[in-house]
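Undergrad: Under my numbering, the sequence shown has 34 at position 27, and the numbering climbs by one with no breaks. Where a beta carbon is used, it is the ideal one built from N, C-alpha and C, also for glycine.
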Amino acid sequence: MRPRSDRTAVDVAVIGAGIIGLSIAWRAVQSGRSVRVIDPEPARGATFAAAGMLAPVGEYHYQEHDLLPLMLASAARYPEFVRELSPSGEPTGYVRNETLMVGVDHGDRQELADVHLAHRRWELEVEPMTTREARLREPLLGPQVTSAYRVCGDHQIDPRILAARLLDELARSDAAEMVHEHVIGLVRGDAADPESRVVGVRLADGTTLAAGEVVVANGLGATAVEGLPDRLDLPLRPVFGDILRLRVPGTLRPLLTMTVRGRVHGKNVYLVPRTDGTLVVGATQREDGRPGISVGGVHDLLRDAQEIVPAVAELELIEATARARPATPDNAPLLGRVGRDGGGDIPGLVVATGFFRHGVLLAPAAADICLGLLEDRGDARWDAFRPDRFSRPDAAATAGRTLR
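(1) Excluding five sequence neighbours on each side, which residues of the same chain lie with their C-beta closer than 7 Å to the C-beta of residue 97?
(2) Who are the near neighbours of residue 49 in its chain, counting only those whose CB is closer than 7 Å to its CB and skipping five residues on each side?
(3) Could you tell me which residues DSSP pairs with residue 247 in its beta bridges?
(4) Residue 224 and residue 27: beta carbons closer than 7 Å?
(5) Evaluate residue 239 with the Cβ neighbour count: other Cβ atoms within 10 Å of its Cβ, from every protein chain shown; 16 or more gives buried, anything less gives exposed.
(6) May I ask you to report which of helix, strand or coil DSSP gives residue 316?
(7) Within a Cβ cutoff of 6 Å, which residues of the same chain sit near residue 367, ignoring the five residues on either side of it in sequence?
(8) Between residue 308 and residue 378, how many whole angstroms is the CB-CB distance? I'm expecting something under 8 Å.
(9) Excluding sequence positions up to five away, which residues of its chain have a Cβ less than 6 Å from the Cβ of residue 398?
(10) Which residues does DSSP list as the beta-bridge partners of residue 275?
(11) At which residues does the alpha helix (DSSP H) containing residue 54 begin and terminate?
(12) Taking only runs that begin and end inside the segment 160-205, name each unbroken alpha helix (DSSP H) of 4 or more residues, in chain order.
(13) Measuring only the C-alpha atoms, how far is residue 215 from residue 208?
(14) Is residue 117 buried or exposed, if buried means 16 or more other CB atoms sit within 10 Å of its CB?
(15) In angstroms, rounded to a whole number, what distance separates the CA positions of residue 10 and residue 192?
(16) For the beta strand (DSSP E) containing residue 215, name the first residue and the last one.
(17) Look at residue 242 and residue 333 and say whether their C-beta atoms are less than 7 Å apart.
(18) Starting from residue 134, follow the beta strand (DSSP E) in both directions and report where the run begins and ends.
(19) Counting C-beta neighbours from all protein chains within 10 Å, is the total for residue 343 16 or more, i.e. buried, or is it exposed?
(20) Let me know if residue 95 comes out buried or exposed under the rule of 16 or more other beta-carbons within 10 Å of its beta-carbon.
(21) Where does residue 470 fall in DSSP's three states?
(22) Just checking, does the segment 300-317 make contact with the segment 81-89 on the three C-beta pairs under 8 Å criterion?
(23) Thinking C-beta only, is residue 320 closer than 7 Å to residue 147?
(24) Excluding the 5 residues flanking residue 245 on each side, which residues of the same chain have their C-beta closer than 6 Å to its C-beta?
(25) Does DSSP put residue 265 in a helix, in a strand, or in coil?
(26) Who are residue 346's beta bridge partners in DSSP?
(27) Kindly indicate which three-state DSSP category residue 325 falls into: helix, strand or coil?
(28) Label residue 282 either buried or exposed according to how many other C-beta atoms from any shown protein chain fall within 10 Å of its C-beta, with 16 as the threshold for buried.
(29) So, does the segment 377-394 touch the segment 33-45, judging by three or more C-beta pairs under 8 Å?
(30) Measure the C-alpha to C-alpha separation of residue 369 and residue 359 and round it to an integer number of angstroms.
(31) Starting from residue 30 and walking both ways along the alpha helix (DSSP H), at which residues does that stretch end?
(32) Give me the Cα-Cα distance between residue 364 and residue 198, rounded to the nearest whole angstrom.
(33) In angstroms, rounded to a whole number, what distance separates the CA positions of residue 177 and residue 76?
(34) Could you check which residue in 114, 107, 352 has the C-alpha nearest to that of residue 141?
(35) Got a sec? Which residues, its chain only, sit under 6 Å from residue 293 by beta carbon, not counting five neighbours each side?
(36) Could you give the residue range of the alpha helix (DSSP H) that holds residue 154?
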């Protein structure tokens, strides 16, 4: 059956309405472009489960040195990002609060001390605290906490509120349209040439939507989009995470005033207080291929959270969620244009996926980077994240450097 064309062409088609796709679409509309966002269930994937910690310092892990500048740049962009998104003060879920990093046993203390040495090498704003100072800030910390560090520049946002705000802004714009459908594949200007210009997308219902540029931002679903170059390797794998939401009774509010990131006998747990009186506790990382909620994961999160804040046992469990995050071999995103075999980039195609734990944090930066690509003003600082870096023998030469 021959695909049918639908409506007039738009400037940009964004595949995927998670926090990355929505941010890119909103930024494109701001620039005066017409946009279609295509997703059967907007903001119901990893975005729905995310805790929303804007914590480049707290999220710093070994072997992610090249990712840290992007994380810092995006975190610094957030205050202006939410001001532009909400000029009249509509809720965005953004809260400026610091992070407290704590450890329980000797191994946890040593690991935090080692991480702090790395923080110092990067001149990141992290202050050691005595446990007495930490308990003055957070009186409900438990007696098991034996080490603490204050991360001064971290903040947080509620991804569900942020996504709703982005969806509202796009719905209000005459230049934006939401299409609740699956994308099957890309449409080429020359069907016989897999590296010719991308001119649109083909939907599951047989419709083709024409666009000047197509942004593939549908997370793990990117690997199922037909028409990507055969040699393009998008090495995405699903890393599932269980995350909990608890309600704090009035007698215990505020349970916490800071986000608390804990090491508990070698395991990570975080507790994120929300302004609505709830607490987010997360998150497991498992690659077992099971999309359902892990009973063992829920048990471990509650046990470790209670080690840090014993009063967690008195809260009401109101939600347990599991989602898969799109991870790459180097934990960095696949972000940019795709190179041709003979040099140059395939016109009309941008890839923005593989954000793993950092999708919410990196949303402002990803939106700005993609807009720059749409306007032919790429930023060489981020070439190391090109989506073809795992596909081409000369990727290092193209990108100028490789991720360590």
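TA: Reading off the structure:
(1) Reading the sequence shown from its first residue, position 90 is the one you call residue 97. So the qualifying residues of the chain are 172.
(2) The sequence position of residue 49 within the sequence shown is 42, counting from 1. Taken in chain order, the residues that qualify are 24, 174, 185.
(3) Position 240 of the sequence shown, counted from the first residue, corresponds to residue 247. BP columns for residue 247 point to 293, 331.
(4) In the sequence shown, residue 224 corresponds to position 217, counting from 1. In the sequence shown, residue 27 corresponds to position 20, counting from 1. Closer than 7 Å, so yes.
(5) Mapped onto the sequence shown, residue 239 falls at position 232. It counts as buried.
(6) As a first step, residue 316 must be located in the sequence shown, where it is residue number 309. Coil.
(7) Mapped onto the sequence shown, residue 367 falls at position 360. Closer than 6 Å at the Cβ level, and outside the excluded window around residue 367, lie 26, 57, 59, 166.
(8) Translated into the one-based positions of the sequence shown, residue 308 becomes position 301. Translated into the one-based positions of the sequence shown, residue 378 becomes position 371. No, residue 308 and residue 378 are not in contact; Cβ-Cβ is about 37 Å, not under 8 Å.
(9) Working through the sequence shown from its first residue, we reach residue 398 at position 391. Excluding sequence neighbours, residue 398 sits near 238, 239, 240.
(10) Your numbering for residue 275 matches position 268 in the sequence shown. Answer is 270.
(11) Position 47 of the sequence shown holds residue 54. Its alpha helix (DSSP H) spans residues 53-56.
(12) 166-179
(13) Working through the sequence shown from its first residue, we reach residue 215 at position 208. Working through the sequence shown from its first residue, we reach residue 208 at position 201. Going from the Cα of residue 215 to the Cα of residue 208 covers about 6 Å.
(14) For the purposes of this step, residue 117 is taken as the residue at position 110 of the sequence shown. The residue in question, residue 117, is exposed, as its Cβ has fewer than 16 Cβ neighbours within 10 Å.
(15) For the purposes of this step, residue 10 is identified with residue 3 of the sequence shown, where counting begins at 1. For the purposes of this step, residue 192 is identified with residue 185 of the sequence shown, where counting begins at 1. Per-residue confidence for residue 10 stands at a pLDDT of 44, beneath the threshold of 50, marking its modelled position as unreliable; the derived number appears in the next sentence. Using only the alpha carbons, I get a separation of about 12 Å.
(16) Taking the sequence shown and counting its residues from 1, one reaches residue 215 at position 208. From DSSP, the beta strand (DSSP E) with residue 215 extends over 214-223.
(17) Position 235 of the sequence shown, counted from the start, is the residue given in the question as residue 242. Position 326 of the sequence shown, counted from the start, is the residue given in the question as residue 333. Contact: no.
(18) Your numbering for residue 134 matches position 127 in the sequence shown. Looking at the DSSP string, the run of the beta strand (DSSP E) that includes residue 134 is 133-136.
(19) Taking the sequence shown and counting its residues from 1, one reaches residue 343 at position 336. Residue 343 should be labelled buried.
(20) Counting from 1 along the sequence shown, the entry for residue 95 is found at position 88. Per the 10 Å Cβ criterion, exposed.
(21) Coverage of the chain is limited to positions 8 through 411, which leaves residue 470 absent and any answer about it impossible.
(22) no
(23) One-based indexing of the sequence shown puts residue 147 at position 140. One-based indexing of the sequence shown puts residue 320 at position 313. Contact flag unset, no.
(24) In the sequence shown, the residue the question calls residue 245 occupies position 238. Cβ neighbours of residue 245 beyond the five flanking positions: 227, 331.
(25) For the purposes of this step, residue 265 is taken as the residue at position 258 of the sequence shown. If DSSP states are grouped into helix, strand and coil, residue 265 belongs with coil.
(26) Within the sequence shown, numbered from 1, the residue matching residue 346 stands at position 339. According to DSSP, residue 346 bridges with 352.
(27) The residue given as residue 325 occupies position 318 in the sequence shown. Residue 325 falls in the strand class under three-state DSSP.
(28) Residue mapping note: residue 282 aligns to position 275 of the sequence shown, counting from 1. Residue 282 should be labelled exposed.
(29) yes
(30) Reading the sequence shown from its first residue, position 362 is the one you call residue 369. Reading the sequence shown from its first residue, position 352 is the one you call residue 359. Those two C-alpha atoms are separated by around 11 Å.
(31) Taking the sequence shown and counting its residues from 1, one reaches residue 30 at position 23. 26-37 is the span of the alpha helix (DSSP H), which, as asked, contains residue 30.
(32) Taking the sequence shown and counting its residues from 1, one reaches residue 364 at position 357. Taking the sequence shown and counting its residues from 1, one reaches residue 198 at position 191. Roughly 36 Å between the two C-alpha positions.
(33) To locate residue 177, count along the sequence shown from 1; it is residue 170. To locate residue 76, count along the sequence shown from 1; it is residue 69. Distance between the alpha carbons of residue 177 and residue 76 is about 29 Å.
(34) Taking the sequence shown and counting its residues from 1, one reaches residue 141 at position 134. The candidate whose alpha carbon is nearest that of residue 141 is 107.
(35) One-based indexing of the sequence shown puts residue 293 at position 286. Taken in chain order, the residues that qualify are 247.
(36) One-based indexing of the sequence shown puts residue 154 at position 147. Careful: residue 154 lies outside any alpha helix (DSSP H), inside the beta strand (DSSP E) at 154-158.
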